[in-house]
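Everything below concerns the one structure shown next.
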DNA sequence: TCAGTATATTCGAACCTTCGAATATACGCA
DNA sequence: TGCGTATATTCGAAGGTTCGAATATACTGA
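Residue numbers (my numbering), protein chains in the order written: chain A, 1 to 119; chain B, 1001 to 1119.
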């Protein structure tokens, strides 16, 4: 069961895929061309990310003529992202630090020693 | 912001780390030695996973004498796992397939073509 | 101080993910 | 049928993750 959950998390563990899921959550059904427009990324790349989401049944594809439309399969995952937003806000300052640390460092090792604990 | 969410998901995207988080959610504060007992994994390995969770501030370490005790920092992530359980049950059959596919195949490529869509 | 226990870190091999480039497939229309 | 558009797939390089083995650190009690 944990393996299953881990698979879902893995599928969500990429900014582009989160963006896709959020778009679908908010807009309902969206065609790939619209996704491409919003995301401003390479077509192949978006298609690859969609393939990941599809392979975990997180999204569903519907073909209509020339185009393919995607929807979330289960809104509960939208709720998961809502909780994450909540989490993000609750720890806003620190989250910024975390992100800054990830960006400025860029190639340095990120740390958080046990010394962080207050004894 | 998506990058931040992605980081959290990435941190949760491993069965062992999910197990740790669930243990902490259910038991409150737990020492590393107890974690080791429950998880039945190499000490180094568990320590590495704890380091990942720490680096994203998902768990907090408290040192007491010889031992280190861990807690979840924010129960909202426990809720996220609850939603996942819900999701898992809602799609039980298919989840089993997914897992079976992951195991028997083991090294084969996993698929889910657009043909899955019902036109 | 030394030995022992609890936990963390470092290292390197094996494996996985991500990306863009190139290519393939599928459909609609002339 | 052949062309153009929409989307998917394959490939290979670059980088990231995971694991156990070895080692380091920190604390306790004799």
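Ideal placement from N, C-alpha and C gives every residue a C-beta, glycine not left out.
Remember, it's a predicted structure, so these values are computed and weren't measured experimentally.
Query: Checking contacts by CB at 7 angstroms: is residue 76(A) closer than that to chain B?; Result: yes
Query: Is it buried or exposed for residue 1090(B), if we count other Cβ within 10 angstroms and need 16 for buried?; Result: exposed
Query: Do you know whose CA, among 1005(B), 1060(B), 1007(B), 1096(B), lies nearest residue 1032(B)'s CA?; Result: 1060(B)
Query: Would you check if the distance between the CB atom of residue 1076(B) and the CB atom of residue 87(A) is smaller than 7 angstroms?; Result: yes
Query: Look up residue 1064(B) in the DSSP assignment and say whether it is helix, strand or coil.; Result: strand
Query: If we call anything under 7 angstroms between Cβ atoms a contact, is residue 1007(B) one with residue 1056(B)?; Result: yes
Query: Kindly indicate if chain B contains any beta-carbon less than 7 angstroms away from that of residue 110(A).; Result: Bear in mind that a pLDDT of 40 at residue 110(A), under 50, signals an unreliable position, so the number given afterwards is only what the model happens to contain. So yes, residue 110(A) belongs to the interface.
Query: Under 7 angstroms, Cβ to Cβ, is there at least one residue of chain B near residue 19(A)?; Result: yes
Query: Along chain B, in chain order, which residues have C-beta atoms closer than 7 angstroms to that of residue 14(A)?; Result: 1006
Query: Go through its chain and collect everything with a Cβ distance to residue 46(A)'s Cβ below 8 angstroms, but skip five positions before and after it.; Result: 16, 20, 32, 35, 36, 39
Query: Count the other C-beta atoms from every protein chain shown that fall within 10 angstroms of the C-beta of residue 73(A), then say buried if there are 16 or more, exposed otherwise.; Result: buried
Query: Determine, using beta carbons only, whether residue 1123(B) comes closer than 7 angstroms to chain A.; Result: Nothing can be reported for residue 1123(B): it is not among the residues displayed for chain B, which extend from 1001 to 1119.
Query: Only counting the same chain, and skipping five residues up and downstream in sequence, which positions put a Cβ closer than 7 angstroms to that of residue 1054(B)?; Result: 1061
Query: Give a yes or no on whether the C-beta atoms belonging to residue 18(A) and residue 1005(B) are separated by under 7 angstroms.; Result: yes
Query: Give the residues of chain B in contact with residue 90(A), contact being defined as C-beta atoms less than 8 angstroms apart.; Result: 1074, 1076
Query: May I ask you to report which of helix, strand or coil DSSP gives residue 113(A)?; Result: Because the pLDDT at residue 113(A) is just 44, under 50, the model does not fix this residue reliably, and the point stays unresolved.
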